[in-house]
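Each remark here refers to the structure printed beneath this line.
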Amino acid sequence: MYLVSLIEDLKINKRTVFLAIAGQTYYFLIAFFLFKQDFLLLIDENYFFDRNFYYVMGISFLMSFIWFFMNICVSTVLLLFTDHFRSTKYLGNPSGIFINSMICSIGYLTFAMLINFLLDYDFKHFISFSFSFIAVRIVWSMIKSLFFNKSFV
Numbered sequence: 023m024y025l026v027s028l029i030e031d032l033k034i035n036k037r038t039v040f041l042a043i044a045g046q047t048y049y050f051l052i053a054f055f056l057f058k059q060d061f062l063l064l065i066d067e068n069y070f071f072d073r074n075f076y077y078v079m080g081i082s083f084l085m086s087f088i089w090f091f092m093n094i095c096v097s098t099v100l101l102l103f104t105d106h107f108r109s110t111k112y113l114g115n116p117s118g119i120f121i122n123s124m125i126c127s128i129g130y131l132t133f134a135m136l137i138n139f140l141l142d143y144d145f146k147h148f149i150s151f152s153f154s155f156i157a158v159r160i161v162w163s164m165i166k167s168l169f170f171n172k173s174f175v
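Just so you know, the numbering used here puts 143 at position 121 of the sequence shown, and the rest follows in order with no gaps.
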């Protein structure tokens, strides 16, 4: 029950959910265009009448939903650490942790896409780079807290 109350403290409403998921769907759609071109060759010229186009859009939406859920998990873990160590920076505004996590995750997703493109890797590498965000974000927050005496966020 304590974790549920922490998630409620993030104050995520329906508009936030919609904008976050819709805003990140195009990142995964761009990743399909950059790293999975053979899959996109199945799509006909008339996008709106081709079911493969909706399949790609559905997968992009699903990956964006998973990315959003991952951000909620990261924000909850960071809020748990912040609450546990009594950091005063975000105790008054716990939704700031979620906003910070969303901004960092979009930057990390862009960075993963750029690195993957420059190194000419495939879609599997992009997925592994991008979804390693949880580990990178939590480890970075702990290192920042331990070595620089700052809050976890």
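The beta carbon of each residue, even a glycine, is placed where N, CA and C say it ideally should be.
What does the Cβ neighbour count give for residue i, buried or exposed, with the cut at 16 atoms within 10 Å?
i    : result
A157 : exposed
D142 : exposed
T132 : exposed
M164 : exposed
S82  : buried
V26  : exposed
Would you tell me roughly how many angstroms separate the C-alpha atoms of residue i and residue j, rounded to the nearest one?
i    : j    : result
F139 : L51  : 14 angstroms
N68  : L136 : 29 angstroms
R73  : G45  : 22 angstroms
L84  : F54  : 13 angstroms
I65  : M92  : 30 angstroms
F107 : M124 : With a pLDDT of 49 at F107, under the threshold of 50, the predicted position of this residue should be treated as unreliable, though the coordinate-derived value follows. Roughly 22 angstroms separates the two Cα atoms.
L62  : F169 : 46 angstroms
E30  : G129 : 25 angstroms
V161 : I121 : 18 angstroms
L102 : S117 : 13 angstroms
L100 : H147 : 27 angstroms
R159 : F70  : 38 angstroms
Y49  : A42  : 11 angstroms
K36  : K166 : 32 angstroms
L32  : M79  : 28 angstroms
I149 : T98  : 23 angstroms
Y77  : A134 : 23 angstroms
Q59  : V96  : 32 angstroms
Does the beta-carbon distance from residue i to residue j come in below 9 angstroms?
i    : j    : result
F151 : S127 : no
W89  : F40  : no
D47  : S86  : Note that residue 47 is Thr in the sequence shown here, rather than Asp. A contact, by the Cβ cut-off of 9 angstroms.
I34  : I119 : no
Is residue i near the ligand COA, in the sense that its beta carbon is under 8 angstroms from a heavy atom of that ligand?
i    : result
L141 : Annotation note on the ligand COA: not contained in the displayed structure, which lists no ligands.
Compute the beta-carbon to beta-carbon distance between residue i and residue j, rounded to the nearest angstrom, for a pair I have assumed lies under 8 angstroms.
i   : j    : result
F75 : F145 : About 17 angstroms; that fails the 8 angstroms criterion.
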